[in-house]
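Student:
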Amino acid sequence: MEYGLSNLYKTWITRLFYFFFIVTLLFPVIIINKMVFISIILLMVFNYKIYRFKTIAPFVIFLIFLWGFIHSFFYYSDRAISLQFFLSTLVLFLIYPINKYKIDLDRIAKVSGIIMVIYTWISFFIVTTGLPFSDAYYDFFFNYSTGSYSLRDFVDDGIITFQMGTLPFLYLSLVLYYVSFLKEKKIGKAIILLIFFVTLALGGSRASILTTIITLVMITFIKSSNINRIRFLFISIPVVITVGSYILINTNVFDKGEVSNAVKLGHYNSFWENLNFFNFFLGEGLASYYYSEGAHAFKAYTEITPLDMLRYFGFILTPILYIYMLFPIRRITAYFGENFLFFVTFFMYVVNSMTNPTMFNSYGFLIVLWYWSKILNTSEIKGSEVINEVKTVKQ
230 MEYGLSNLYK
240 TWITRLFYFF
250 FIVTLLFPVI
260 IINKMVFISI
270 ILLMVFNYKI
280 YRFKTIAPFV
290 IFLIFLWGFI
300 HSFFYYSDRA
310 ISLQFFLSTL
320 VLFLIYPINK
330 YKIDLDRIAK
340 VSGIIMVIYT
350 WISFFIVTTG
360 LPFSDAYYDF
370 FFNYSTGSYS
380 LRDFVDDGII
390 TFQMGTLPFL
400 YLSLVLYYVS
410 FLKEKKIGKA
420 IILLIFFVTL
430 ALGGSRASIL
440 TTIITLVMIT
450 FIKSSNINRI
460 RFLFISIPVV
470 ITVGSYILIN
480 TNVFDKGEVS
490 NAVKLGHYNS
500 FWENLNFFNF
510 FLGEGLASYY
520 YSEGAHAFKA
530 YTEITPLDML
540 RYFGFILTPI
550 LYIYMLFPIR
560 RITAYFGENF
570 LFFVTFFMYV
580 VNSMTNPTMF
590 NSYGFLIVLW
600 YWSKILNTSE
610 IKGSEVINEV
620 KTVKQ
């Protein structure tokens with residue numbers, strides 16, 4: 230009876246997680262995902278005695294953001310953004326029911342990715358074909374999916390970009406499908422990978438595209454035999470040099486004069502000009518304003534996430550924040566072996582967030598949850614195997 234109730238409970242909470250992920254990714258500003266989140270939290274609170282707190286990372290990150298939120302009241306800051314940053318950390322506490330009920334976040338991320346791709350291309354078709362309701366639809370897409378449709382000057386003639394605000398999450402879905410493709414080599418998964426990559430490229434984020442390519446290359450290398458790794462290096466090095474040379478010569482991707490690059494350089498220079506003895510150690514609180522040469526305006530947040538975190542929390546708490554995100558448990562061996570692939574995937578996403586605001590938000594924390602779940606679940610299995618081996622030896 231108890232086993233049946235446990236399975237029923239897991240089924241319902243899994244469905245809630247599916248719904249929470251999908252709604253958060255498609256319509257991040259609509260209140261529905263908040264209601265689903267509250268439902269999961271209530272279920273968690275009512276059953277708090279059954280959870281094993283295998284990591285304190287959510288508590289540490291929550292306390293850091295709480296400090297930043299309180300500290301922001303003593304500085305000129307954007308109160309709404311500060312509150313949004315602070316409340317977003319509550320999502321991290323979902324790691325406990327995820328770990329307890331072994332929620333399959335791989336599958337949820339894959340399904341969510343497919344739905345995101347379908348929604349993106351339907352939206353692109355409606356917005357670009359000039360239908361009678363195209364303008365009204367774009368207003369909805371812009372306001373509720375934080376979408377954008379623009380022309381960026383990576384090349385001389387410019388390039389059209391179209392994306393929903395949570396598109397960087399597709400990085401995780403694409404990586405997971407690629408790992409599945411390496412195992413099964415099915416044509417269907419290859420087609421899905423191609424569609425995913427084109428959708429990601431349509432978003433126009435150079436960092437996301439480059440990060441994805443590098444991650445796929447690293448995964449291929451990790452999954453290959455020693456002889457294939459040598460072959461892979463001989464093939465990939467000339468390809469990288471050729472493609473890199475073409476990009477440098479024929480595009481403005483790394484040009485300091487390109488609009489996006491110029492803005493980011495301005496953010497960076499202004500950060501150092503704003504630094505003093507007190508904010509070096511303590512920061513200035515969440516969403517605190519500073520004048521940016523890049524934007525020629527006061528900014529509460531920028532695309533350069535690590536600099537923002539240093540402004541908010543200072544040079545003491547910011548490293549602690551990133552350490553607990555990357556290493557949710559203390560045992561170093563938990564990040565090697567099978568888990569090394571998960572670490573690489575998440576680490577590259579952190580690298581991507583250094584030039585894009587893709588980490589400390591609703592969809593960024595979903596990727597954190599995925600990473601933590603892989604580390605905790607795999608570590609738990611290894612721990613059980615060690616215990617069983619010890620018992621066997623004693624017998």
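In this note's numbering, the protein residues as written are 230 to 624. For each residue, glycine too, the CB sits at the ideal point set by N, CA and C. Bear in mind that the values here come from a model prediction, so they are computed numbers and not experimental data.
1. Could you pull the DSSP bridge partners for Ala-526 from this structure?
2. Express the C-alpha separation of Arg-336 and Val-469 in angstroms, rounding to a whole number.
3. With DSSP collapsed to three states, give me the class of Gly-612.
4. Give the straight-line distance between the Cα atoms of Glu-618 and Leu-605, rounded to the nearest whole angstrom.
5. Are the segment 353-373 and the segment 440-450 touching, with three or more C-beta to C-beta distances below 8 Å?
6. Please work out which residues of its chain come closer than 6 Å, Cβ to Cβ, to Met-273, disregarding the five sequence neighbours upstream and downstream, and give them in chain order.
7. Who are the near neighbours of Ile-343 in its chain, counting only those whose CB is closer than 8 Å to its CB and skipping five residues on each side?
8. Runs of 4 residues minimum, wholly inside the segment 256-285: which ones carry the alpha helix (DSSP H) assignment?
9. Nearest by alpha-carbon distance to Ile-596: which of Leu-399, Gln-392, Arg-244 and Ile-299 is it?
10. With a threshold of 16 other CB atoms inside 10 Å of the CB of Met-264, please say whether the residue is buried or exposed.
11. Express the C-alpha separation of Ile-299 and Asn-328 in angstroms, rounding to a whole number.
12. Please classify Thr-562: does DSSP put it in a helix, a strand, or coil?
13. By how many angstroms is the C-alpha of Glu-532 removed from the C-alpha of Met-583?
14. Please identify the residue among Phe-246, Asn-585, Phe-294 and Leu-254 whose C-alpha is closest to the C-alpha of Ala-516.
15. Suppose contacts are defined by Cβ-Cβ distances below 7 Å. Is Thr-375 in contact with Met-577 by that definition?
16. Mind pulling the alpha helix (DSSP H) runs of 4 or more residues that sit fully within the segment 295-371?
17. Could you give the residue range of the beta strand (DSSP E) that holds Phe-391?
18. In or out: Asn-457 buried (at least 16 other Cβ within 10 Å) or exposed?
19. Return the chain-ordered list of same chain residues with a C-beta closer than 8 Å to the C-beta of Leu-319, the five sequence neighbours on each side being excluded.
20. Looking only at C-alpha atoms, which of Ser-377, Ala-524 and Pro-287 sits nearest to Leu-550?
21. In angstroms, rounded to a whole number, what distance separates the CA positions of Ile-632 and Val-356?
22. Identify which residue in Phe-362, Leu-360 and Phe-353 has its Cα closest to the Cα of Ser-377.
23. Buried or exposed, going by whether 16 or more other CB atoms sit within 10 Å of the CB of Phe-527?
24. Roughly how far, in whole angstroms, is the beta-carbon of Gln-392 from the beta-carbon of Gly-432, given that I think they are within contact range, below 8 Å?
Tutor: Taking the definition as stated:
1. The residue labelled residue 526 in the question sits at position 297 within the sequence shown. Beta-bridge pairing links Ala-526 to Ser-521.
2. In the sequence shown, residue 469 corresponds to position 240, counting from 1. In the sequence shown, residue 336 corresponds to position 107, counting from 1. Rounded to whole angstroms, Val-469 to Arg-336 spans 32 Å at the Cα level.
3. In the sequence shown, counting from the first residue as 1, residue 612 sits at position 383. Summary for Gly-612: the model assigns pLDDT 47, below 50, so the residue's position carries little reliability; its value from the coordinates is reported in the next sentence. DSSP, read as helix, strand or coil, puts Gly-612 in helix.
4. Here residue 618 refers to the residue found at position 389 of the sequence shown. Here residue 605 refers to the residue found at position 376 of the sequence shown. With a pLDDT of only 43 at Glu-618, under 50, the local geometry of the prediction cannot be trusted, and no value is derived from it.
5. no
6. Numbered from 1 along the sequence shown, position 44 holds the residue referred to as residue 273. Answer for Met-273: Pro-326, listed in chain order.
7. Start at 1 with the first residue of the sequence shown, and residue 343 comes out as number 114. Same-chain partners within the cutoff: Ser-402 and Ile-421.
8. Whole alpha helix (DSSP H) segments, 4+ residues: 261-275.
9. Translated into the one-based positions of the sequence shown, residue 596 becomes position 367. Of the listed residues, the one whose Cα sits closest to Ile-596 is Leu-399.
10. Reading the sequence shown from its first residue, position 35 is the one you call residue 264. Exposed, by the Cβ-count rule.
11. Position 99 of the sequence shown, counted from the start, is the residue given in the question as residue 328. Position 70 of the sequence shown, counted from the start, is the residue given in the question as residue 299. If you draw a straight line from the Cα of Asn-328 to the Cα of Ile-299, it comes to about 31 Å.
12. Your numbering for residue 562 matches position 333 in the sequence shown. Correct three-state label for Thr-562: helix.
13. Locating residue 583 in the sequence shown gives position 354, counting from the first residue. Locating residue 532 in the sequence shown gives position 303, counting from the first residue. So the alpha carbons of these two residues sit roughly 8 Å apart.
14. Against the sequence shown, residue 516 aligns to sequence position 287. Answer by Cα proximity: Phe-294.
15. By 1-based counting over the sequence shown, the position of residue 375 is 146. By 1-based counting over the sequence shown, the position of residue 577 is 348. Not a contact, by the Cβ cut-off of 7 Å.
16. 308-317, 324-329 and 334-357
17. Your numbering for residue 391 matches position 162 in the sequence shown. Counting along the chain, the beta strand (DSSP E) containing Phe-391 begins and ends at 388-392.
18. Locating residue 457 in the sequence shown gives position 228, where the first residue counts as 1. With a 10 Å radius around the Cβ and a threshold of 16 neighbouring Cβ atoms, Asn-457 comes out exposed.
19. The sequence position of residue 319 within the sequence shown is 90, counting from 1. Cβ neighbours of Leu-319 beyond the five flanking positions: Phe-266, Ile-270 and Phe-291.
20. Here residue 550 corresponds to residue number 321 of the sequence shown, with the count starting at 1. Selected option, being the one with the closest Cα: Pro-287.
21. Here the chain comprises residues numbered 230 to 624, so residue 632 is not present and cannot be evaluated.
22. For the purposes of this step, residue 377 is taken as the residue at position 148 of the sequence shown. The candidate whose alpha carbon is nearest that of Ser-377 is Phe-353.
23. Position 298 of the sequence shown, counted from the start, is the residue given in the question as residue 527. With fewer than 16 other Cβ atoms within 10 Å, it is exposed.
24. Taking the sequence shown and counting its residues from 1, the one referred to as residue 392 is at position 163. Taking the sequence shown and counting its residues from 1, the one referred to as residue 432 is at position 203. With 8 Å as the limit, Gln-392 and Gly-432 qualify as a contact, their Cβ atoms being about 3 Å apart.
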